[in-house]
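Colleague: Quick note: the sequence shown uses the numbering used here, first residue 3, plus one each step. Ideal Cβ placement from N, Cα and C applies to all residues, glycine included.
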Amino acid sequence: MLFLIYINTAQFDFFYSINQFLMQIPSIESLLPELAKIGGPITMVLGGLLMGLRFLIERKKVYLGVSPQMRGKLIGSYQNWSFGLILFGLFMTVLPNFMPTPPRPLPNESVVAYWKTVDAHNFRAAWNSLTSAYKIKNHKNDYLDYEKGFKSWDMCRISAEVTDITPSDKGNATVSTKLLIISGKTCESRSEATVYHHMVFAESENKWLINDTTTPP
């Protein structure tokens, strides 16, 4: 019995080490809570099925065509793995309850990051910083139209300076910025614009999205 407990503990540590490694990958970490909700019960069911198979073999309800000695080894192996899977399934099920909540970003940081992305001409990433409502209202939900708009600026550089933030406890915020735009074939043109970014917080993504932009009258 002590031997089985030792094996199960070793299996649990092995699975825990794998989980800790996966958590170091941001894309995996963001999916872990959902994966755990699904994977935990499935793993426990697999462990239960394996335990049931072990019981049938032990009771000779399943004929394997192997020697009694080999059958004994299979029974022991199935028992160890069934316990290990059930323990790991329980661990995955309770894991989301103990995962730290990522810090909530600031809306002004998201606005500055958005314009840095635009400045780098990474328009696809910038597109993902907009809400569906913004995309539909301003670009008919067409990314190519969005990209074409920026390319028509003949832009060399663009930077954003945050001048004011109006937060809201309802997950909304307005970030006022002064944009400096350098454009032209030889980057000779220089202009400034004040833009109000109306932000909404996407809880599922833990990020602020631009829901609308306006300019002062």
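How close, in whole Å, do the beta carbons of P109 and V197 come, if the pair is a contact with beta carbons under 8 Å?
Modeller: For the purposes of this step, residue 109 is taken as residue 107 along the sequence shown, with counting starting at 1. For the purposes of this step, residue 197 is taken as residue 195 along the sequence shown, with counting starting at 1. With a Cβ gap of about 14 Å, P109 and V197 do not count as contacting.
Colleague: Across which residues does DSSP place D214 in a beta bridge pair?
Modeller: For this step, residue 214 is matched to residue 212 along the sequence shown. In DSSP, D214 forms a bridge with H200.
Colleague: For D144, report the span of its alpha helix (DSSP H) as first-last.
Modeller: As a first step, residue 144 must be located in the sequence shown, where it is residue number 142. That residue, D144, is in no alpha helix (DSSP H); it is neither H nor E in DSSP.
Colleague: What first and last residue would you give for the beta strand (DSSP E) that runs through T176?
Modeller: The residue you call residue 176 lines up with position 174 of the sequence shown. Run containing T176: 174-185, per the beta strand (DSSP E) assignment.
Colleague: Where DSSP assigns a beta bridge to V164, which residues make up the other side?
Modeller: Your numbering for residue 164 matches position 162 in the sequence shown. According to DSSP, which records beta bridges pairwise, V164 is partnered with T179.
Colleague: Excluding the five sequence neighbours on either side, which residues of its own chain have a C-beta within less than 8 Å of the C-beta of T216, listed in chain order?
Modeller: Position 214 of the sequence shown, counting from 1, holds the residue named residue 216. Same-chain partners within the cutoff: V197, Y198, H200.
Colleague: Tell me the rounded alpha-carbon separation between D171 and E190.
Modeller: Along the sequence shown, read from residue 1 onward, the residue named residue 171 stands at position 169. Along the sequence shown, read from residue 1 onward, the residue named residue 190 stands at position 188. Cα to Cα, D171 sits roughly 43 Å from E190.
Colleague: Between which residues of its own chain and W117 is the CB-CB distance below 8 Å, once the five residues before and five after are set aside?
Modeller: For the purposes of this step, residue 117 is taken as the residue at position 115 of the sequence shown. Within the same chain, W117 has close Cβ partners I160, S161, A162, T179, L181.
Colleague: With distances taken Cα to Cα, identify the nearest neighbour of V113 among P219, V202, E207.
Modeller: Counted from its first residue, the sequence shown places residue 113 at position 111. If we check each option's Cα against that of V113, V202 comes out closest.
Colleague: Taking I224 as the reference, which of L146, A195, Y148 has the closest Cα?
Modeller: Summary: the structure shown does not reach residue 224, with the chain confined to residues 3 through 219, and so no result is reported for it.
Colleague: Among C158, N130, V164, T165, which has the Cα closest to the Cα of H148?
Modeller: What you label residue 148 is simply residue 146 of the sequence shown in a count that begins at 1. In the sequence as displayed, the identity of residue 148 is Tyr instead of His. Looking at the Cα atoms, N130 is the closest of the given residues.
Colleague: Quick check on P105: does DSSP put it in helix, strand or coil?
Modeller: The residue labelled residue 105 in the question sits at position 103 within the sequence shown. P105: coil per DSSP, three-state reduction.
Colleague: State the start and end residues of the unbroken alpha helix (DSSP H) segment that holds A128.
Modeller: Residue 128 sits at position 126 when you count from the first residue of the sequence shown. Segment 125-129, the alpha helix (DSSP H) holding A128.
Colleague: Using only alpha-carbon positions, find the residue among P219, R192, G173, A122 that is nearest to L211.
Modeller: Position 209 of the sequence shown holds residue 211. Selected option, being the one with the closest Cα: G173.
Colleague: Identify whether S154 lies in helix, strand or coil by the three-state DSSP scheme.
Modeller: Residue 154 sits at position 152 when you count from the first residue of the sequence shown. Three-state DSSP puts S154 in coil, outside helix and strand.
Colleague: Please state if the CB of S185 and the CB of W155 are separated by a distance shorter than 8 Å.
Modeller: As a first step, residue 155 must be located in the sequence shown, where it is residue number 153. As a first step, residue 185 must be located in the sequence shown, where it is residue number 183. Yes, Cβ-Cβ distance for W155 and S185 is below 8 Å.
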